[in-house]
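Enquirer:
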Amino acid sequence: MEKSLSKWTQLSVTSNEVKIIEKAFSSYRTKTCIRFVPRIDEQDYLNIVKGYGCYSQVGRTGGKQEISLGRGCLFHEIIVHELMHSVGFWHEHSRADRDDHIKIVWENILPGMKSQFDKISAALQDLQGESYDYRSIMHYDSTAFSRNGKNTIETVEDGFTEVIGSATDLSQMDVVKINKLYQCRPRKKEKMIVGGTSLPTASVTTRIVTPSPTTNSGGESRFIAKFLDTESSRIIFHS
Ligand SMILES: [Zn+2]
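With the first letter of the sequence shown counted as 1, position 12 gets the number 86 in our numbering; the numbers rise by one all the way through.
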């Protein structure tokens, strides 16, 4: 496999892997005002590593902050999902009001994995006044962490059990929530057509950048300059 150093990382990554990660950055660039850019000397930054599995912290925790895209994680929807944790979002199915929208089937969950289905208090998870979104990239699928192949999540509204967890990119409502949280402003009256949906373009308010390979040591890769503080440094792990 071709290995190359890129502007994003000192780790050995293939050019194809870089392309996949850059495509995820591009989703944020085209739909929100969040920009992932190479780190210069910012104090707080996102460090992408190939750790054990796919995981991220929620929001800015200060200093070097790890996001892992390990084995099995280099897929567009997974990277977009982990990045959305990094910019401050919890799982959709952890919303305090989730019981109005989904039913957790506790007996089908793998032993030791029930905490994956914890609710997050309304004080911690800001819902931005937006309604529950079955199509969110932050929603687990219906058989997540199943011990027997049966559903662990079923939707209250008919017909959505197969929809949850099937998002392949930021949903329309994910975009709305991110742009609200970061107070992204529409730029003039321009509109961008993204995925058939008319979305406002936005001014840059957030830089998410990576270290320069020439000025950093130790395999650091990516960087957030200004992203939102979080009240919790809890790390979200995935299987
Ligand atoms: Zn997650």
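The C-beta atom is built at its ideal place from N, Cα and C for all residues, glycine as well.
By Cβ distance below 8 Å, which residues in the same chain neighbour Lys224 in space, the five residues on each side in sequence not counted?
Expert: The answer, listed in chain order, is Val179, Asn182, Thr217.
Enquirer: Evaluate Tyr126 with the Cβ neighbour count: other Cβ atoms within 10 Å of its Cβ, from every protein chain shown; 16 or more gives buried, anything less gives exposed.
Expert: Looking at its Cβ environment, which holds fewer than 16 other Cβ atoms inside 10 Å, Tyr126 is exposed.
Enquirer: Kindly indicate the opening and closing residues of the alpha helix (DSSP H) around Ile153.
Expert: Counting along the chain, the alpha helix (DSSP H) containing Ile153 begins and ends at 150-160.
Enquirer: Among Gly233, Tyr129, Arg169, Ala98, which residue has its Cα nearest to the Cα of His159?
Expert: It is Tyr129 whose Cα lies nearest to the Cα of His159.
Enquirer: Mind checking whether the beta-carbon of His155 lies closer than 7 Å to any heavy atom of ligand 1?
Expert: Yes - ligand 1 has a heavy atom lying nearer than 7 Å to the Cβ of His155.
Enquirer: What is the DSSP secondary structure of Pro287, reduced to helix, strand or coil?
Expert: Residue confidence is low: Pro287 scores 29 on pLDDT, short of 50, so the model does not pin down where it sits. No coordinate-derived value is stated.
Enquirer: Val230 and Ile176 look like a contact to me (Cβ under 8 Å); what is the Cβ gap, rounded to whole Å?
Expert: Going by Cβ atoms, the distance from Val230 to Ile176 rounds to 6 Å, so yes, they are a contact pair.
Enquirer: Going along the chain, which residues of its own chain have a beta-carbon closer than 8 Å to the beta-carbon of Asp192, five neighbours each way excluded?
Expert: The residues are Ser168.
Enquirer: Quick one: does the C-beta of Ser245 sit closer than 7 Å to a heavy atom of ligand 3?
Expert: Because ligand 3 does not appear in the structure shown, any question about it cannot be addressed here, the ligands present being ligand 1.
Enquirer: Sort Val154, Glu91, Met187, His150 by Cα distance to Asp248 and report the nearest one.
Expert: It is Val154 whose Cα lies nearest to the Cα of Asp248.
Enquirer: So the candidates are Val237, Ile95, Thr106, Pro112; which of them puts its Cα closest to the Cα of Ser142?
Expert: Taking only the C-alpha atoms, the option nearest Ser142 is Ile95.
Enquirer: Is the beta carbon of His159 within less than 7 Å of some heavy atom of ligand 1?
Expert: Answer for His159: yes, Cβ within range of ligand 1.
Enquirer: Quick one: what's got a C-beta closer than 6 Å to Tyr206's C-beta in the same chain, skipping five residues either side?
Expert: Around Tyr206: His175.
Enquirer: Is DSSP giving Arg113 helix, strand or coil here?
Expert: Three-state result, Arg113: coil.
Enquirer: Buried or exposed for Gln139, going by 16 or more other Cβ atoms inside 10 Å?
Expert: Label assigned to Gln139: buried.
Enquirer: Quick test of your reading: Lys254 and Gln202, contact by CB under 8 Å. State the CB separation rounded to the nearest angstrom.
Expert: So it is a contact: roughly 5 Å between Cβ atoms.
Enquirer: In the structure shown, what three-state DSSP assignment does Val65 receive?
Expert: The chain is shown from 75 up to 313; residue 65 falls before or after that span and cannot be answered.
Enquirer: Output the distance between the C-alpha atoms of Ile389 and Val250, rounded to the nearest integer angstrom.
Expert: Only positions 75 to 313 of the chain appear in the structure, and residue 389 is not among them; the question remains open.
Enquirer: Buried or exposed: which applies to Arg134, given that a residue is buried once 16 or more other Cβ atoms fall within 10 Å of its Cβ?
Expert: Buried.
Enquirer: If we ignore side chains and look at the alpha-carbon of each, how far apart do His165 and Met212 end up?
Expert: Going by the C-alpha atoms only, they are around 5 Å apart.
Enquirer: Just confirm the distance between the C-beta atoms of Ser220 and Leu184, as a whole number of angstroms; I'd bet it's less than 8 Å.
Expert: 7 Å between Cβ atoms; contact.
Enquirer: Compute every distance between the C-beta of His167 and the non-hydrogen atoms of ligand 1, then say whether any falls below 7 Å.
Expert: Not so, every heavy atom of ligand 1 lies at least 7 Å from the Cβ.
Enquirer: Buried or exposed: Glu156, going by 16 or more other Cβ atoms within 10 Å of its Cβ?
Expert: Looking at its Cβ environment, which holds 16 or more other Cβ atoms inside 10 Å, Glu156 is buried.
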